[in-house]
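Before any comments, here is the structure.
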Amino acid sequence: MNSLSEKAQPAMHILRDQSVPMRDGVHLATDVYLPINAASPLPVVIERTPYDKSKPSRSEKQLDGQHISREAMAARFTEQGFVAIFQDCRGRYASEGVFTKYTAEGEDGFDTLAWIVKQPWCNGKVGSMGLSYAAHTQLAMACLHPPGLSSMVLDSGGFSNAFQCGIRQGGAFELKQATWAWRQAKESPAALADPQIREALEQEDIHQWFARMPWQPGESPIRHVPEYEAYLLEQWAQGSFSDYWRKPGIYAEGHYADLPDIPVLFMSSWYDAYVSSTLANYSAFQRHTSAPQHLIMGPWLHGDRNISHSGDVEFGTAANFDGQVAEDWLTCRLQWFERSLKDTPTLAPASAPVKVFLMGGGDGTADATGRLQHGGRWLHGQQWPLPGSETMNLYLHHDRCLSATPPRVDEAKLSYRADPDHPVPTVGGALTSGAPVFVGGAFDQRERADFFGTRGNNQPLAERADVLSFQTPPLTEDLIVAGPLQIELWIDSDAPDTDFTAKLVDVYPPSADFPQGYAMNITDGIRRCRYRDSWETPQPLTPGKRVKVVIEPFATCNLFKRGHQLRLDIASSNFPHFDVNPNSGEPEGQAHHKQIATNTVHMSKDFASRLVLTVLPPDV
Numbered sequence: 001m002n003s004l005s006e007k008a009q010p011a012m013h014i015l016r017d018q019s020v021p022m023r024d025g026v027h028l029a030t031d032v033y034l035p036i037n038a039a040s041p042l043p044v045v046i047e048r049t050p051y052d053k054s055k056p057s058r059s060e061k062q063l064d065g066q067h068i069s070r071e072a073m074a075a076r077f078t079e080q081g082f083v084a085i086f087q088d089c090r091g092r093y094a095s096e097g098v099f100t101k102y103t104a105e106g107e108d109g110f111d112t113l114a115w116i117v118k119q120p121w122c123n124g125k126v127g128s129m130g131l132s133y134a135a136h137t138q139l140a141m142a143c144l145h146p147p148g149l150s151s152m153v154l155d156s157g158g159f160s161n162a163f164q165c166g167i168r169q170g171g172a173f174e175l176k177q178a179t180w181a182w183r184q185a186k187e188s189p190a191a192l193a194d195p196q197i198r199e200a201l202e203q204e205d206i207h208q209w210f211a212r213m214p215w216q217p218g219e220s221p222i223r224h225v226p227e228y229e230a231y232l233l234e235q236w237a238q239g240s241f242s243d244y245w246r247k248p249g250i251y252a253e254g255h256y257a258d259l260p261d262i263p264v265l266f267m268s269s270w271y272d273a274y275v276s277s278t279l280a281n282y283s284a285f286q287r288h289t290s291a292p293q294h295l296i297m298g299p300w301l302h303g304d305r306n307i308s309h310s311g312d313v314e315f316g317t318a319a320n321f322d323g324q325v326a327e328d329w330l331t332c333r334l335q336w337f338e339r340s341l342k343d344t345p346t347l348a349p350a351s352a353p354v355k356v357f358l359m360g361g362g363d364g365t366a367d368a369t370g371r372l373q374h375g376g377r378w379l380h381g382q383q384w385p386l387p388g389s390e391t392m393n394l395y396l397h398h399d400r401c402l403s404a405t406p407p408r409v410d411e412a413k414l415s416y417r418a419d420p421d422h423p424v425p426t427v428g429g430a431l432t433s434g435a436p437v438f439v440g441g442a443f444d445q446r447e448r449a450d451f452f453g454t455r456g457n458n459q460p461l462a463e464r465a466d467v468l469s470f471q472t473p474p475l476t477e478d479l480i481v482a483g484p485l486q487i488e489l490w491i492d493s494d495a496p497d498t499d500f501t502a503k504l505v506d507v508y509p510p511s512a513d514f515p516q517g518y519a520m521n522i523t524d525g526i527r528r529c530r531y532r533d534s535w536e537t538p539q540p541l542t543p544g545k546r547v548k549v550v551i552e553p554f555a556t557c558n559l560f561k562r563g564h565q566l567r568l569d570i571a572s573s574n575f576p577h578f579d580v581n582p583n584s585g586e587p588e589g590q591a592h593h594k595q596i597a598t599n600t601v602h603m604s605k606d607f608a609s610r611l612v613l614t615v616l617p618p619d620v
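In terms of the working numbering, the sequence shown has 105 at position 105, counting the first letter as 1, and numbering is strictly consecutive.
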């Protein structure tokens, strides 16, 4: 490893808390790390963060467990001839202003780079980096073409369209926004200045509040910091795709045609909350720029690139970033900026621009911790989806089978009752920031007592009366699902509005370690029916009228082994990952009346519901 201890760091000239002016007079606190005795202006690498520029990023952990401080990171950059900069976002920690999540980052990033390129130590080239929110800040400013921006490393973030990934999905609201707001309100200027406010937030029982949704102004666990409550409830209430969602900070799609022609390294993971955003952004830069674009997709949770398990599933040592994808993550970024920011890079060309982890192929036994050994390996290619990809259709049948054969019957349907007071609970998935209420990752799909909202009886979710499960016979050969997928459902309901959810599951057969088998969640999605035809103009359902609903789960990359079964679970809730539809048709986040909906899925020859997969040859 090339990490440096604090004692081993070379000398740097550090300018702490530089006051960088924004266009509205607010000043942002900025730490600048300069190489000693630089003979000429240098390229700059910046990270803008809401999580305190003076503290280590939670994700800067190497395989050996070392947690790298920002000073140690800066030392590596200055040693290689870069200026390193870390900045607190507006309204966070040492920076002035009021924090409003996401919406100020484009202009603040632009103004910061405009200040940087005027400094005598900057040669006019700026690279940016950062995880999660620090990735959002990068893409937001890139949409405004800030001066000097020459390269980016977008790690698990950067909104292509927050209405479809990150704040909402399929019309539903992602409740990670609520847990994030509650936790981060404790780090707000108001809470840091007044111990009473912080203590009031600490005393709120967030689990009880999740059982009392939707929240209202002054009636939420975040009411002690009104600006945090205000932005959260505004996000929740903005149900249709209005101008609210077209701001640069959360809607890069609206700026794709004008993207800066710069190289970008995109990284995310199959159990991260930003899969679709990462892949959409990568594809957009591929289409609209000539600069080299790279993509890395691992099997991890959000930013956990050196943790080889996700949830209760182990992928093996091959899943670690360090030593597998590159020497280590910090060295990877240093080499990226050597190539993209310096006129005379000394490094050899990078390897294949696309590296994705194919989950699966393990022996399915339990390791010493009890985790399922699912295994996996890295696939390398020149593009995503990978060359050789084909489409496979699997049709839903009345006998709960999934088959490549379309239904031939004139009438077939299955119904269930969707009760908003008893939603189907979230058991893992591609999500982040849910702590302490919910967690992401891969788990056996059972109602475990340690998952919020379950009945705690360890019974399979598929056995609930409000879940329809369809599965293939045991596979006769390996099946690689690698790429986008969608579920097309013909449905009707007796409610004016309802949700439909879909979950792809890898079903292991019974074994000595798992006598009841193991139903591993791969990916899932949701669609609010009022948005079935238009995101801008919601339309209620007509009771009993058949309509088509399309659900688009996140893309994935998984090997379903011979002998396994591929399963699709259909329901009408996934809580607390998403807010629960009251089925009453009331405005989002403002429902006062709930309705039990009878929801029906059709699967006849004229109204065939199907799962559409992207697959690869098994010998890839």
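C-beta: ideal position from N, C-alpha, C; glycine also.
Could you say which of F110, H27 and G127 lies nearest to R339 if we only look at CA atoms?
Considering only alpha carbons, the answer is G127.
Do you know whose CA, among A591, Q595, K594 and R610, lies nearest D569's CA?
Looking at the Cα atoms, R610 is the closest of the given residues.
Quick one, which of E60, H422 and T556 has its alpha-carbon nearest N574's?
For N574, the nearest C-alpha among the options comes from H422.
Buried or exposed: where does R16 fall if 16 or more other Cβ atoms within 10 Å of its Cβ makes it buried?
Answer is exposed; the Cβ neighbour count stays below 16.
Rounded to a whole number of angstroms, what is the C-alpha to C-alpha distance between E253 and N161?
Cα to Cα, E253 sits roughly 6 Å from N161.
Using a 10 Å radius around the Cβ and a threshold of 16 neighbouring Cβ atoms, would you call I36 buried or exposed?
Answer is exposed; the Cβ neighbour count stays below 16.
Mapping the DSSP letters down to three states, classify H224 as helix, strand or coil.
Of the three classes helix, strand and coil, the one that applies to H224 here is coil, per DSSP.
When you compare the CB positions of Q595 and P587, do they come within less than 8 Å of one another, or not?
The answer is no: Cβ separation not under 8 Å.
By alpha-carbon positions, which one of E71, V44 and E107 ends up nearest to G25?
With distances taken between Cα atoms, G25 lies closest to E107.
Could you tell me the distance, in whole angstroms, from the CA atom of T365 to the CA atom of S310?
Going by the C-alpha atoms only, they are around 16 Å apart.
Could you tell me how far apart the beta carbons of F554 and S276 are, in whole angstroms, since I believe they sit closer than 8 Å?
Yes, they are in contact, since the Cβ atoms of F554 and S276 sit about 5 Å apart, within 8 Å.
From the DSSP secondary-structure annotation, give me the bridge partner or partners of R567.
The partner list for R567 (beta bridge, DSSP) reads Q471 and V505.
Can you tell me whether DSSP reads H602 as helix, strand or coil?
In the structure shown, H602 sits in a strand (DSSP, three-state: E or B).
Measuring CB to CB, does T600 end up less than 8 Å from S493?
Contact flag set, yes.
Who are the Cβ neighbours of D31 in its own chain at under 6 Å, not counting the five residues just before and after it?
The answer, listed in chain order, is R16, K53 and F86.
Using the beta-carbon count (16 or more within 10 Å), is K548 buried or exposed?
K548 should be labelled exposed.
Among the candidates H398, G218 and V117, whose CA atom is the shortest distance from the CA of L149?
Among H398, G218 and V117, the Cα nearest to that of L149 belongs to V117.
Where does R333 land, buried or exposed, given buried means 16+ other C-beta within 10 angstroms?
Buried, since its Cβ has 16 or more Cβ neighbours within 10 Å.
Pair every Cβ in the stretch 172 to 192 with every Cβ in the stretch 288 to 305, then say whether three or more of these pairs are closer than 8 Å.
They do not touch, by the three-pair rule.
Have a look at L233 and D64 and give me their C-alpha separation to the nearest angstrom.
Distance between the alpha carbons of L233 and D64: 41 Å.
What does the Cβ neighbour count give for S5, buried or exposed, with the cut at 16 atoms within 10 Å?
Residue placement at S5 is flagged as unreliable, the pLDDT there being 40, under the threshold of 50; the coordinate-derived value follows with that caveat. Exposed: under 16 other Cβ atoms inside 10 Å.
L34: buried (16+ other C-beta within 10 angstroms of its C-beta) or exposed?
Buried.
What is the C-beta distance between G97 and P146, in whole angstroms, given that I count them as a contact (C-beta under 8 Å)?
That pair is no contact at about 19 Å.
Inspect the CB distances between the stretch 353 to 365 and the stretch 389 to 400 and report whether three or more fall short of 8 Å.
Touching, no.
Alpha carbon to alpha carbon, how far is V225 from R528? Give it in angstroms, no decimals.
C-alpha separation (whole angstroms): 31 Å.
According to DSSP, is C332 helix, strand or coil?
Correct three-state label for C332: helix.
Quick check on DSSP: helix, strand or coil for I206?
Here I206 sits in helix by DSSP.
What do you reckon, are the CB atoms on D466 and S584 nearer than 8 Å?
Cβ distance not < 8 Å, so D466 and S584 don't count as in contact.
Identify, in the order they occur along the chain, each residue of the same chain with its Cβ nearer than 7 Å to the Cβ of E411, setting aside the five sequence neighbours on each side.
So the qualifying residues of the chain are S604.
Taking C-alpha atoms, which residue in W490, A318 and F285 lies nearest to A257?
The shortest C-alpha separation from A257 is found at F285.
Look at H592 and I491 and say whether their C-beta atoms are less than 8 Å apart.
Cβ atoms of H592 and I491: not closer than 8 Å.
I480: which of N558, E327 and A597 sits nearest, CA to CA?
When each option's Cα is compared against that of I480, the closest is N558.
Rounded to whole angstroms, how far is the Cβ of N521 from the Cβ of F438, which I believe are closer than 8 Å?
Contact doesn't hold; Cβ gap of about 13 Å is too wide.
Leaving out five residues on either side along the sequence, give the residues of the same chain with a beta carbon under 6 Å from the beta carbon of D88.
Correct list, in chain order: A29, K53, A94 and S95.
How would you write the range of the beta strand (DSSP E) that M73 sits in, first residue to last?
No beta strand (DSSP E) contains M73, which is instead part of the alpha helix (DSSP H) from R70 to E79.
Hey, D272 and Q62 are a contact pair by Cβ (cut 8 Å); roughly how many whole angstroms apart?
Wrong, their Cβ atoms sit about 20 Å apart, outside the cutoff.
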